[in-house]
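If you count the sequence shown from 1, you need to add 46 to reach the numbering used here.
These notes are about the structure you will find just below.
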Amino acid sequence: MKISKIIIFIFLFLCSLNANQSSKKLAYIVSDLDIPFWQIMSKGIKEKANEFGYEVDIYSSQNLKKNELENLAIALSSKIDGLVISPINSSSAVTLLEIAKTKNIPVVIADIGSDSENYLSFISSDNQNGAYELGKILTKYMKELEINKEGTVGIIAIPQKRANGKARTLGFMEALNEENIKSAGLYQQVDFSYKETYNYSKKLIDENKNLRAIWLQGSDKYKGALDAIKDSKKEGEIALICFDAEPEFLEMIPKGILIGSAMQQPYLMGQEAVISLDNFFNKKEVVKEKKLPILAISKDNIEEKLQTIKLNVLGIKE
Numbered sequence: 047m048k049i050s051k052i053i054i055f056i057f058l059f060l061c062s063l064n065a066n067q068s069s070k071k072l073a074y075i076v077s078d079l080d081i082p083f084w085q086i087m088s089k090g091i092k093e094k095a096n097e098f099g100y101e102v103d104i105y106s107s108q109n110l111k112k113n114e115l116e117n118l119a120i121a122l123s124s125k126i127d128g129l130v131i132s133p134i135n136s137s138s139a140v141t142l143l144e145i146a147k148t149k150n151i152p153v154v155i156a157d158i159g160s161d162s163e164n165y166l167s168f169i170s171s172d173n174q175n176g177a178y179e180l181g182k183i184l185t186k187y188m189k190e191l192e193i194n195k196e197g198t199v200g201i202i203a204i205p206q207k208r209a210n211g212k213a214r215t216l217g218f219m220e221a222l223n224e225e226n227i228k229s230a231g232l233y234q235q236v237d238f239s240y241k242e243t244y245n246y247s248k249k250l251i252d253e254n255k256n257l258r259a260i261w262l263q264g265s266d267k268y269k270g271a272l273d274a275i276k277d278s279k280k281e282g283e284i285a286l287i288c289f290d291a292e293p294e295f296l297e298m299i300p301k302g303i304l305i306g307s308a309m310q311q312p313y314l315m316g317q318e319a320v321i322s323l324d325n326f327f328n329k330k331e332v333v334k335e336k337k338l339p340i341l342a343i344s345k346d347n348i349e350e351k352l353q354t355i356k357l358n359v360l361g362i363k364e
């Protein structure tokens, strides 16, 4: 009889643990879910949340601060237990963190960054080192073609108000400076559209007769840059190098259409964000800041990194 009571007690105790676990509700507020990078991160968040038995709602802000605040209000009204945010920029994150703090909601920042450290954990990529390693791929390419002395490099950047944007530019420029390769100028993206990418690429080409490469600090609008190069009859003369990745890059890099790409691991980042919240809920140690490595990929190493790229970069499960 005593053994039966003990078994029943253990069973009820385990059930209560599962009930408490499954009752947790999370929200993910992301700057713009139309961008594949954020789609992949949200996939990592959803799958890890499901693994832990958490419910998760995802809100896209369409890169508008008004929507971002409205999304936070909706999320808080739904009685969430934890919040993951990929803010529009580092300054808008401050407001979100202040509001969440008033509700005692733990917040994990997943990429972009924040001008405030009032968060539970910050999961990011090592943007500076990743951009530096990417810059080294480009400088090696330019030196092999002997276009490093006169050739310049144009940059189409994500907003430099973002902490990750600043880090990318700093790391990349360090690599260029080491080889005395000059920048042809920098344009900051606003709406992240094909047209904007095309127009900035055309400006860089038209304004710099010695332009030999364009660095796009993103990935999904790469066609805008390639089309500008083609329309300017500069194919084979001006190279393209990117940050992040698209599935097409797996074929484009080996063919030399794209010289290389610094690939973040958004699927893994999303999972790590949920793990931080789970550790908090279970009173385990939470790492305040965690930087994940960026994969600097060229035709020289893409084959050996292929499986990691498919899962952690592109969110493809085979």
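By construction, the Cβ of each residue, glycine as well, lies at the ideal position given by its N, Cα and C atoms.
These figures come from a predicted structure and were not determined experimentally.
Closest option to L250, judged by alpha-carbon separation, among G264, F238, S265, Q234: Q234.
In the DSSP annotation of this structure, the continuous segment of the beta strand (DSSP E) that includes V154 starts and ends at 153–156. Inside the region 299–333, DSSP marks whole alpha helix (DSSP H) runs of 4 or more residues at positions 312–327, from first to last along the chain. In summary, N223 is exposed, with fewer than 16 beta-carbon neighbours lying within 10 Å of its beta-carbon over all protein chains present.
Relative to the Cα of M219, the nearest Cα in the group I284, G197, D252, K182 belongs to K182. Under the Cβ criterion (8 angstroms, minimum of three pairs), the region 135–146 does not count as touching the region 307–325. Every beta strand (DSSP E) of 3 residues or more that sits fully in the region 71–138 is shown, in chain order, as 71–76, 101–106, 128–132.
DSSP places A291 in the coil class of the three-state scheme, outside both helix and strand. Under the Cβ criterion (8 angstroms, minimum of three pairs), the region 330–346 counts as touching the region 162–182. Within its own chain, the residues whose Cβ lies closer than 7 angstroms to the Cβ of K147, once the five positions on either side in sequence are excluded, are N164, listed in chain order.
By the beta-carbon neighbour count (other beta carbons within 10 angstroms, threshold 16), L166 is buried. Looking from the CA of L262, the closest CA among N256, N194, R214, A95 belongs to R214.
Counting along the chain, G200 sits inside the beta strand (DSSP E) bounded by residues 198–203. The Cβ-Cβ distance between L304 and L323 does not fall below 7 angstroms.
Between L314 and G90 a beta carbon distance of about 6 angstroms is seen, short of the 8 angstroms cut, so the two are scored as contacting. Only residues of its own chain outside the window of five on either side were considered, and among them G217, E220, A221 have a CB closer than 6 angstroms to the CB of Y178, listed in chain order.
Looking at E116, L296, K330, G200, the one whose alpha-carbon comes closest to that of I284 is G200. Only residues of its own chain outside the window of five on either side were considered, and among them A73 have a CB closer than 6 angstroms to the CB of A121, listed in chain order.
Membership of K228 in the beta strand (DSSP E) is indicated by the continuous run 228–234. Contact annotation, N210 with I158: C-beta distance approximately 6 angstroms; criterion of less than 8 angstroms satisfied. Shortest Cα-Cα distance from V332 to any of I340, E318, I343, R208 involves E318. Here the C-alpha atom of L180 lies approximately 12 angstroms from the C-alpha atom of I260.
The Cβ atoms of P82 and D273 lie no closer than 7 angstroms to each other.
Per the C-alpha coordinates, the member of D161, V130, S160 positioned closest to I151 is V130. Judged by beta-carbon spacing, N256 lies within the 7 angstroms limit of E196, meaning their Cβ atoms are closer than that value.
I145 has no beta-bridge partner at all, per DSSP. Linking E190 to I299 through their CA atoms gives a straight-line distance of about 17 angstroms. Setting aside the 5 residues that flank it on each side, A203 is surrounded in the same chain by G211, R214, T215, L232, Y233, Q234, Q235, Q263, each with a C-beta closer than 8 angstroms to its C-beta; the list follows chain order. Collapsing the DSSP output to three states places F238 in coil.
By the C-beta density criterion, N135 is buried, having at least 16 other C-beta atoms within 10 angstroms. Cβ contact annotation for K351 (same chain, cutoff 7 angstroms, sequence separation greater than five): L341, I343, in chain order.
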